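J.:
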Amino acid sequence: MPKTPPPFRIGHGYDLHRLEPIAPDGSGRPFVLGGLPFEHDRGPVGHSDGDALLHAITDALLGALGEADIGQRFPDTDPAHDGADSRIFLDAARRRVDEAGFEIGNLDATVILERPKIGRRKQELRLRLATLLDIDPDRVNVKGKTHEKVDAVGEGRAIEVHVVVLLVRRD
Ligand code: MG
Numbered sequence: 454m455p456k457t458p459p460p461f462r463i464g465h466g467y468d469l470h471r472l473e474p475i476a477p478d479g480s481g482r483p484f485v486l487g488g489l490p491f492e493h494d495r496g497p498v499g500h501s502d503g504d505a506l507l508h509a510i511t512d513a514l515l516g517a518l519g520e521a522d523i524g525q526r527f528p529d530t531d532p533a534h535d536g537a538d539s540r541i542f543l544d545a546a547r548r549r550v551d552e553a554g555f556e557i558g559n560l561d562a563t564v565i566l567e568r569p570k571i572g573r574r575k576q577e578l579r580l581r582l583a584t585l586l587d588i589d590p591d592r593v594n595v596k597g598k599t600h601e602k603v604d605a606v607g608e609g610r611a612i613e614v615h616v617v618v619l620l621v622r623r624d
């Protein structure tokens, strides 16, 4: 068994939210991704604001540390999180990374979504995430994909996000 702790830790985060017509026509909340509002007639169903990108990043950070995941830390049975801005989850995870003596080496996210299209706002998303994470934008990447019109994601009824993050131990 090596005595020195590893200088890196990798984390993976995944999230999916159902997309429904915005309330009162359905249960969808206004569409928000990476903390940015998007114009769309559907929005995520969720206990919080349903920001799948911030949820997946939060879980990637907590996962890299080997800590309880977002659902355990912030249960959807807690009325305090009803409609919550998901930045509070991300901030909590970011603090844990800092307290554990790590910083974010880089983060790569894949957003799978039929509509709204995020292509033209990828750079804006990247800058927003870098600001929220307090890191240089060149450490953040956001990719957008469709689900080729098949299954719930492809039919516009859900959004799916995958994130990997590399944590680097500070000296
Ligand atoms: Mg979620």
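With the sequence shown counted from 1, adding 453 to any position gets you the numbering used here. Beta carbons are placed, not taken as given, at the ideal position from N, Cα and C, and that holds for glycine. Source: prediction; values computed, not measured.
1) DSSP three-state label for E571, please.
2) Quick check on the DSSP output: the beta strand (DSSP E) that includes D512 runs from which residue to which?
3) If you run the structure through DSSP and keep just helix, strand and coil, what is T563?
4) Leaving out five residues before and five after F555 in sequence, what residues of the same chain have Cβ atoms less than 7 Å from its Cβ?
5) Among I541, P532 and E567, which residue has its Cα nearest to the Cα of I523?
6) Output the boundary residues of the alpha helix (DSSP H) element that contains A545.
7) Does the beta carbon of H493 fall short of 6 Å from some heavy atom of the ligand MG?
8) Would you decide whether E613 is buried or exposed? Buried here means 16 or more other CB atoms lie within 10 Å of its CB.
9) Per DSSP, what kind of secondary structure is E577 in: helix, strand or coil?
10) Here's the rule I'm using: 16 or more other beta-carbon atoms within 10 Å means buried, otherwise exposed. How should T511 be labelled?
11) Restricting to Cα atoms, I'd like to know which of R574, V617 and P474 is closest to G488.
12) Please determine, among T563, A517 and D538, the residue with the shortest C-alpha to C-alpha distance to P460.
13) Using the Cα positions of D538 and F484, report the straight-line distance between them to the nearest angstrom.
T.: So, to answer that:
1) Along the sequence shown, one-based indexing puts residue 571 at 118. Looking at the sequence shown, residue 571 is not Glu but Ile. In the structure shown, I571 sits in coil (DSSP, three-state: anything other than H, G, I, E or B).
2) Here residue 512 is taken as the residue at index 59 of the sequence shown, counted from 1. Secondary structure note for D512: it is in no beta strand (DSSP E), and the uninterrupted alpha helix (DSSP H) holding it is A505 to L518.
3) Stepping through the sequence shown from its first residue, residue 563 is reached at position 110. DSSP places T563 in strand when its eight states are reduced to three.
4) Working through the sequence shown from its first residue, we reach residue 555 at position 102. Result list for F555: R462, L620, V621, R622 and R623, in chain order.
5) Locating residue 523 in the sequence shown gives position 70, counting from the first residue. It is I541.
6) Reading the sequence shown from its first residue, position 92 is the one you call residue 545. DSSP places A545 in the uninterrupted alpha helix (DSSP H) bounded by R540 to E552.
7) Position 40 of the sequence shown, counting from 1, holds the residue named residue 493. No; taking the cut-off as 6 Å, the Cβ of H493 has no heavy atom of the ligand MG nearer than that.
8) Here residue 613 corresponds to residue number 160 of the sequence shown, with the count starting at 1. With 16 or more Cβ atoms within 10 Å of its Cβ, E613 is classed as buried.
9) Your numbering for residue 577 matches position 124 in the sequence shown. In the structure shown, E577 falls within a helical segment according to DSSP collapsed to helix, strand and coil.
10) The residue you call residue 511 lines up with position 58 of the sequence shown. By the neighbour-count criterion, in which 16 or more other beta carbons inside 10 Å mark a residue as buried, T511 falls on the buried side.
11) One-based indexing of the sequence shown puts residue 488 at position 35. Closest by alpha carbon: R574.
12) Position 7 of the sequence shown, counting from 1, holds the residue named residue 460. That would be A517, whose Cα lies nearest to the Cα of P460.
13) Within the sequence shown, the letter at position 85 stands for residue 538. Within the sequence shown, the letter at position 31 stands for residue 484. So the two alpha carbons sit approximately 12 Å from each other.
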